[in-house]
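>
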Amino acid sequence: MRKLLLLSLIVIAFCFSSTNSLGQDSTIRMVVDGPTADRVVFQRFAVIGWAFDRNAGVGYGSGIDRIEVYEGTQCAGEVIGQGGLTVRRADVLDYFSLDDSYELSGYNITVEVSETGPFTFTVCAYSSVNVGELLQVTRDITLIPAGMLLSVDYLYDDGPIVENAAITGWAIDARAGDSNGPGIEEIRVFLGETCEVDALANTTLSERRPTEIGRLNLDASYLIAGYSLLLDDLPVGEATLTVCAISSVDATVQSETFNLTVYESDTMPLWPLILVIVVTFSLLFVIVISTNRRSGGESIWSRPWVVALYIGLSLIPAIIVMLYIHRYAVNMPFWDEWLQSVSAYLRTLTDEVNLKHLWKLHNEHRTFVPGIYGLAIAQITSVNILALIFLNFILAIMIWTLVYNLYRCTSESEKHYFILLPAAAMLFAMLIWPRWIDSRPIRLLSAIVYFLISLWVIVAGGRNLRTVFIAGIFATLSSLSFFTGNYTWFVVGGAMLFLRYFKIRYYILWIVMAASVLVPYVVEFTNANTITRKATGPDIGQLFEFVLFFIGSPLAQYRLMGSQTEPILLGALGIGTTIILGIYNLYMVHNGFRKSLPWLAIIGWVVLNAATAGYGRISQFGLTAASSVRYMIYGLLFWTALFALISIALFEPKQASSERWKRQLYRFRHVVNVFLVGFMVFLSYWYVNAYQATVQGHHLLDQVVELRATSGCLYDFMNASDSCLDNVLGVPDNLRRIAYRASQDRVSWLEVDSYPLALQYANKSTPEEASIDIDGMVYDALLLRTHKDTASWTIFIPDDVQTTLQTTLILPEGETEDLQYGIIVIAHEDRLQLPLQVSSESILNRLHHHIEADLTPFAGEEITLKLVILKHFHEEIMWLVPTIQYADE
């Protein structure tokens, strides 16, 4: 144990010592967002980024006199572009904790070069504080004449595709010139390597692609550059697809060819069926041999081949999950994965990460330990999300082995191997497949691992202070892994009492250790401006229903069945079975209470987690959406503990008593057998349907990438990647692939379905004050707040398109009569109130105000938006992320 603690301290020391090894001597900081290194761009391109000099001081602006662009590697020679800091970058203020005078820290400089081919340019930022001081960034790019570009999203050579697949992407022909874009007549898809046979499908450009067009420095006429078309009945097997773009300028054809493997969209591979057979018949095998004994009374379980066979069968679910991760996991983070690992890593490059920063990171959920995981892995792998995903798998393996060791401690039977297969079948369930290609569950898995270790130490260790102290160390780690890990102190502490830890000094030590962790958390949580703290909470009936729903969801998979009934019924079945087995084991199993106690403790810990999740999430998301896929891990742990109770009842009953009622109860062991076999058959059926749904829904890599991009890559992520990935501190190239994916030496950017506003987070202790005129009355108001304090945001309104803001206010029913709110536009320092179109509906005891505002009158301008409400409502109201919708006029 001392070696383990020493190793942990070494890892932590490495993570934080490295923060002082990187940095820069200059007081100027500068980032060139684009063009990125080795980028292919037109001869006319935009150099964008940000810069500031912190020595300018509070209230004295960015401290940068000018930005100049030179050809070559030095800040000398002919200037090919120059400008000042004219772009608002509230993200820079937030990231570096600067005052508002630094808001204009961004630059956007147009450069036009006559040559083509490899080209080197240097961006130079000159300080206005220390005259003569400058900082430079050099980039190597490739220049091409204005011409055609074609991009196909998500496809790559030797990749997968389904027979009924959607092909998306974008294309432009810059030769069309300003105001005449996008210059593409049609997109066609062909089977084969040429564009000369009959097309499988064709379409015109119909979707906005503002990200790509903005990076190419093209005007608004090129915005409608995206396409989407559906392919019907591709031939299953190996196939070659060619996507062709036809220019409207001179009918020139640009094409991309891919060698792909085509899968049937509704066909399930053979291995899930094999798994069904394995799970069902191996459990039948266990039950049969458990009643057969060799001569001399020795159990068949003592035969090595039986033990080896059973362990081998138990490994199959874990192997399948590992192969699944290897095939489908993508190095593409969700927004909170970004905050958990990438953000901390980037701060190490600017000497701004420390223990205090990690302690405050996501304090609402208390993810300090996963933050250290993420930081260490980011340092080692240059921020590869796949490493975090495989760490999830390793933590699941640890949970599996801990369940086995805990069962050995609580079982007198030599059949302790029995628990391996049902535990593996549950913990490595394919039903909740998104969990295995998502690094976010690392916090839940970490909390479970340390909770189980703490419980195992108390159960297996000697009754002394050292045992209590070691258990307290792991309870601390559980508490700092996820906020629900705080329950470890109460559950394990209660187990100590029932396991005869009777000396008062044990509990004094336990209470002191618990208080040292829980008191700071409660203080910080109480003072934090978080959604969970503000949650009003559901009533008792809703909370009880959610707990049942939470427990049953992993087996029913309500997202597929489309009903809340199945998970609630299964949750009730699980709770009822737990109570019955607890009573049965108490009376009919030798030392039944001691053997059942750890598993009842696990079930109690899961129920407490379910209640906490319900309290914080029901009021925000409703009953169905509140049970996130990653939270189902707790439900799987519940059913694993229930299987342990079943096996104790099955294999360790007392001999039949002379008392009639006990003899009748003893006969129920056969009912337990029948229940177990029936449940295994149900579990097998569950596996078939789960994987079938997986195959039909998101079978291939391109669809998984699309899922992650559209559900997670909002501006909070995209802005950070644009701002920080290509700076002078030498961030590895691998980070750039987080914001966009390289394919065949070109870049395909990922964007969400509705292009999000550039939301900027101020992280202020109090909301920004504003004033609003409603029906001729001027009110003092505060900005509407989300899970972070929200400041204003800035957006450029394009010409020639109708632009609409959409957002939603969510608030409790019955408290809205006096609600008054509005959207303020700041343009050219004028403050205007937007006319709003509002529709309302009631959803799960919450009132939703759907708001639209027309931004078209501000076409061609960069405006600042503020969504404001009255003071006395700011604690009650939530809002959804605003989006901007575009339509041709």
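All you need for the numbering used here is the position in the sequence shown, starting with 1, plus 17. Ideal Cβ positions, reconstructed from N, Cα and C, are used throughout, including at glycine.
Let's see if you can read the secondary structure: which residues bound the alpha helix (DSSP H) around Tyr119?
First-last for Tyr119: undefined, no H or E at that position.
> Whose C-alpha, out of Pro815, Gly478, Val58, is nearest the C-alpha of Leu240?
Nearest of Pro815, Gly478, Val58 to Leu240, Cα basis: Pro815.
> Would a C-beta distance cut-off of 8 Å place Tyr124 and Val96 closer than the cut-off?
Not in contact: Tyr124 and Val96 (Cβ atoms no closer than 8 Å).
> Find the nearest neighbour of Phe59 within the set Phe385, Val266, Ile230, judged by alpha-carbon distance.
Among Phe385, Val266, Ile230, the Cα nearest to that of Phe59 belongs to Ile230.
> Quick one: what does DSSP say Asn197 is sitting in, helix, strand or coil?
DSSP places Asn197 in coil when its eight states are reduced to three.
> Quick one: residues in its chain with C-beta nearer than 7 Å to the C-beta of Val539, no 5 flanking neighbours on either side, listed in chain order?
None.
> Buried or exposed for Arg517, going by 16 or more other Cβ atoms inside 10 Å?
Exposed, since its Cβ has fewer than 16 Cβ neighbours within 10 Å.
> Let me check understanding here. Comparing Cα to Cα, which of Leu535, Leu494, Glu429 lies closest to Arg611?
Minimum Cα distance to Arg611 is reached at Glu429.
> Per DSSP, which one or two residues make a beta bridge with Val154?
Per DSSP, Val140.
> Going by DSSP, which residues form a beta bridge with Arg165?
Here residue 165 is Met; the residue named in the question, Arg, does not match the sequence. For Met165, which the question treats as bridged, DSSP gives the partners Asp190.
> By how many angstroms is the C-alpha of Thr881 removed from the C-alpha of Ser144?
Their backbone Cα atoms lie some 28 Å apart in a straight line.
> Are Ala183 and Leu251 touching if we call contact CB-CB under 8 Å?
No, Cβ-Cβ distance for Ala183 and Leu251 is not below 8 Å.
> Return the CA-CA distance between Val253 and Arg205, expressed in angstroms with no decimal places.
Rounded to whole angstroms, Val253 to Arg205 spans 20 Å at the Cα level.
> Using DSSP bridges, identify the partner residues of Gly621.
Beta-bridge pairing links Gly621 to no other residue.
> Leu408 and Ile459 - do their beta-carbons sit closer together than 8 Å?
Result yes, Cβ atoms of Ile459 and Leu408 sit closer than 8 Å.
> Distance, Cα to Cα, Asp116 vs Ala142?
Computed Cα separation, rounded: 20 Å.
> Would you mind stating whether Ala666 and Leu560 have Cβ atoms separated by less than 8 Å?
No, these two residues do not count as a Cβ contact at 8 Å.
> Taking Cβ positions, are Ser264 and Ile161 nearer each other than 8 Å?
No.
> Please name the residue, chosen from Ile394, Ala404, Ala441, Ile402, that lies closest to Met415 on a Cα-to-Cα basis.
Cα-wise, what sits closest to Met415 is Ala441.
> Determine which residues share a DSSP beta bridge with Ile901 and list them.
Paired residue(s): Leu822.
> Tell me whether the beta-carbon of Val508 lies closer than 8 Å to the beta-carbon of Gly621.
Yes; because the gap between Cβ atoms is below 8 Å, this pair is in contact.
> If I follow the unbroken beta strand (DSSP E) through Glu213, where does it start and stop?
Unbroken run through Glu213: none, as it is neither H nor E.
> What are the residues that DSSP puts in a beta bridge with Trp67?
The partner list for Trp67 (beta bridge, DSSP) reads Val48, Gly123.
> Does the Cβ of Leu572 have 16 or more other Cβ atoms within 10 Å, making it buried, or fewer, making it exposed?
Buried, by the Cβ-count rule.
> Here's a check: name, in chain order, each residue in its chain whose Cβ is nearer than 8 Å to the Cβ of Cys92, leaving out the five neighbours to either side.
These residues qualify, in order along the chain: Glu85, Thr139, Cys141, Leu151, Gln153.
> Is it a yes or a no for the segment 416-425 touching the segment 383-396, going by three-plus beta-carbon pairs under 8 Å?
The segment 416-425 vs the segment 383-396: no contact.
> Could you check which residue in Phe410, Thr221, Asn401, Gly388 has the C-alpha nearest to that of Pro334?
The candidate whose alpha carbon is nearest that of Pro334 is Phe410.
> Quick one: what's got a C-beta closer than 7 Å to Arg83's C-beta in the same chain, skipping five residues either side?
The answer, listed in chain order, is Gln99, Gly101, Tyr143.
> Compute the distance between the beta-carbons of Leu614 and Phe515, then report whether it is under 8 Å.
For Leu614 and Phe515, yes; Cβs fall inside 8 Å.
> Going by the DSSP bridge assignment, what does Tyr87 pair with across the sheet?
Tyr87 pairs with Val96, Thr139.
> Quick one: measure Cβ to Cβ for Val266 and Asp215, integer angstroms, because I've assumed they're closer than 8 Å.
25 Å between Cβ atoms; not a contact.
> Taking Cβ positions, are Trp473 and Leu412 nearer each other than 8 Å?
Result no, Cβ atoms of Trp473 and Leu412 do not sit closer than 8 Å.
> Please report how far the alpha carbon of Gln271 lies from the alpha carbon of Gln854, in whole angstroms.
Their Cα atoms are separated by approximately 44 Å.
> CB-CB under 6 Å to Pro439, same chain, minus the five flanking residues each way: which ones, in chain order?
Phe660, listed in sequence order.
> Return the Cβ separation of Leu222 and Tyr244 in integer angstroms, given the expectation that the two are a contact with Cβ distance under 8 Å.
Indeed, because the Cβ distance is near 5 Å, the residues count as touching under 8 Å.
> Near Ile619, which residues of its chain fall below 6 Å by C-beta distance, leaving aside the five closest residues on each side in sequence?
Contacts found: Ala658.
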